[in-house]
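Protein chains in written order, with the numbering used here: chain U, 5 to 107; chain B, 5 to 101; chain Y, 783 to 1092.
A short write-up of the structure that comes next.
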């Protein structure tokens, strides 16, 4: 097993962990954290594909690496929007949003 | 010559790692926040400084050496500031405990 | 190899901590540490540009955003009765996640050998662009349309955040007013660090054409310096209805689109660069895009307007 495969397995476990946190936690901010973990795991899988494509004097295939950079920026934008939505909702209803049907 | 440099690097980095270990043990074992902050500063200043010193033996050229030293300096600055700010809120009569 | 195994174990340990920590604040701190360790993993995967972006954006600015949110949400965090999942549902969720992780792990192990790669075509055409950093070449030339649309996505997210303002503060100052003692420690460190940070940011932007770096990392550092200055009370975020602010935000994508459409006239396709002017055009795009993205990131962290405009 080489380095790339090891980190690929790490990324797979991260996706599983993040999915578990997303399902299990009732607090929305914990769900956002878990969603970022899923994103980190997916980016690691991209990075493994990039590392395995090392050629032409580069340490890794630059195209997946550029895709990961773009993905990181977009993931931050999505997290910022989600956090703003959550804070505004808590400000409006005065408590944490829940799935109970009493409003 | 390069063997002595390598030996010096290994010794310095090991000493720096020892201070990081001591700082972490202090973080886990000290009873209150002020004591834990005190232990962490040893890791930041001495530990990182010794590691940077060890890496300085391995660089080629003064610009890389300057970058390493500036990394240590900036970590010192940020660490000292954050420690002060944390200590002000953590002391008896501050915001927490 | 042992180092990589230890690093992977540490990353997974921090991820487990983030999921299982008791309080949200502890989970966010664990997330920041996880992000920094992940940056080390990126270095081990021979992707220094991604490591810089992960450390600055994924762990630094996202950590700041989440810490602020967790502080504001502290009164509402306690789980209500009947809200935590029963043990049966948890076991089912865990089984599902193990299944997903196992599927992904199988994909990783079964990746094709020899690995397909686009590195040779990238290397073959980089000299014509005048760039020595292949990731910058991909971001600004081969997949420039991705970068263009990414700047638009950032603007859309900012529009979404601004649209959450209550009616009475529409177009006002984002975020609360930070008051800090003008002779205090936070002000001192901001006055010291912000110039250093600006120089580091500009250096990372400039060196991105030949070494790891580039506009996104530089924009993140510039945004972080702005956030530090606002937290110390040295500057205040401008009200979001200011025209100059909106022009600053739109300047990056606008220049990008303009160069793209000019590519039709000059070189026959959208976002095509005529060969002798490639480096100049890339630089013309990068400078406004860096400033726009820095402003967008700083405003995304500041949040929706909370104080009425003057």
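Just so it is clear, CB atoms sit at the ideal spot from N, CA and C, and this is done for glycine as well.
Just so you know, these numbers come straight off a predicted model, no measurement behind them.
For residue 88 of chain B, the nearest beta carbon of chain Y is closer than 7 Å to its own beta carbon.
In this structure, the straight-line span from the alpha carbon of residue 949 of chain Y to that of residue 97 of chain U is close to 16 Å. For residue 876 of chain Y, the nearest CB of chain U lies under 7 Å from its own CB, placing it at the interface with that chain. Within chain B, the residues placing a beta-carbon under 7 Å from that of residue 968 of chain Y are 89, ordered along the chain. Between the alpha carbons of residue 860 of chain Y and residue 807 of chain Y lies a distance of about 12 Å.
Counting only unbroken stretches of 3 or more residues, no beta strand (DSSP E) element lies wholly within the region 946-986 of chain Y. Boundaries of the alpha helix (DSSP H) around residue 68 of chain U: 66-97.
Using a CB distance cut-off of 7 Å, residue 44 of chain U counts as an interface residue toward chain Y. Each of Y:989, Y:1024, Y:946, Y:1040 was checked against the Cα of residue 1087 of chain Y, and the nearest Cα belongs to Y:946.
820, 823, 824, 826, 827, 828, 829, 831, 832, 835, 836, 839: these are the residues of the region 814-839 of chain Y whose beta carbon lies less than 7 Å from some beta carbon of chain U, given in chain order. When rounded, the separation of the alpha-carbon atoms in residue 847 of chain Y and residue 1042 of chain Y is 33 Å. Residue 66 of chain B and residue 1023 of chain Y have their C-alpha atoms roughly 48 Å apart.
Residue Y:1021 holds the alpha-carbon nearest to the alpha-carbon of residue 955 of chain Y among Y:1075, Y:1021, Y:905. The beta carbon of residue 85 of chain B sits closer than 7 Å to some beta carbon of chain Y. Around the CB of residue 10 of chain B, fewer than 16 other CB atoms lie within 10 Å, so the residue is classed as exposed. Bounds of the beta strand (DSSP E) holding residue 1088 of chain Y are 1087-1089. Within the region 72-92 of chain U, contact with chain Y at the beta-carbon level (separation under 8 Å) is assigned to 72, 73, 74, 76, 77, 78, 79, 80, 81, 82, 83, 84, 85, 87, 88, 89, 90, 91, 92. Sequence-distant Cβ neighbours of residue 1016 of chain Y in its own chain, meaning closer than 6 Å and more than five residues away, are 972. Chain B places no beta carbon closer than 7 Å to that of residue 984 of chain Y, leaving this residue out of the contacts. Around the beta carbon of residue 977 of chain Y, fewer than 16 other beta carbons lie within 10 angstroms, which makes this residue exposed. Residues of chain U with a Cβ closer than 8 Å to the Cβ of residue 902 of chain Y are, in chain order, 59, 60. Among the residues of chain Y, none has a CB under 8 Å from the CB of residue 39 of chain U; the nearest is roughly 11 Å distant. In chain order, 81, 82, 85 make up the part of chain B whose C-beta sits under 8 Å from the C-beta of residue 971 of chain Y. Here DSSP, grouped into helix, strand and coil, assigns residue 925 of chain Y to coil.
By the neighbour-count criterion, in which 16 or more other beta carbons inside 10 Å mark a residue as buried, residue 1046 of chain Y falls on the exposed side. The DSSP-derived three-state label of residue 1059 of chain Y is helix.
Each residue's CA atom was taken as its position, placing residue 812 of chain Y and residue 906 of chain Y some 42 Å apart. One finds 80 in chain U with Cβ atoms closer than 8 Å to the Cβ of residue 843 of chain Y, taken in chain order. Taking 7 Å as the cut-off, the beta carbon of residue 1031 of chain Y is found closer than this to the beta carbon of residue 1074 of chain Y. Taking a beta-carbon distance threshold of 7 Å, residue 859 of chain Y counts as an interface residue toward chain U.
Under the three-state reduction of DSSP output, residue 900 of chain Y falls in the coil class, being neither helix nor strand. Secondary structure at residue 1007 of chain Y: helix, using DSSP grouped into helix, strand and coil. In the structure shown, residue 1018 of chain Y falls within a coil segment according to DSSP collapsed to helix, strand and coil. Per DSSP, the continuous alpha helix (DSSP H) segment holding residue 42 of chain B begins and ends at 37-46.
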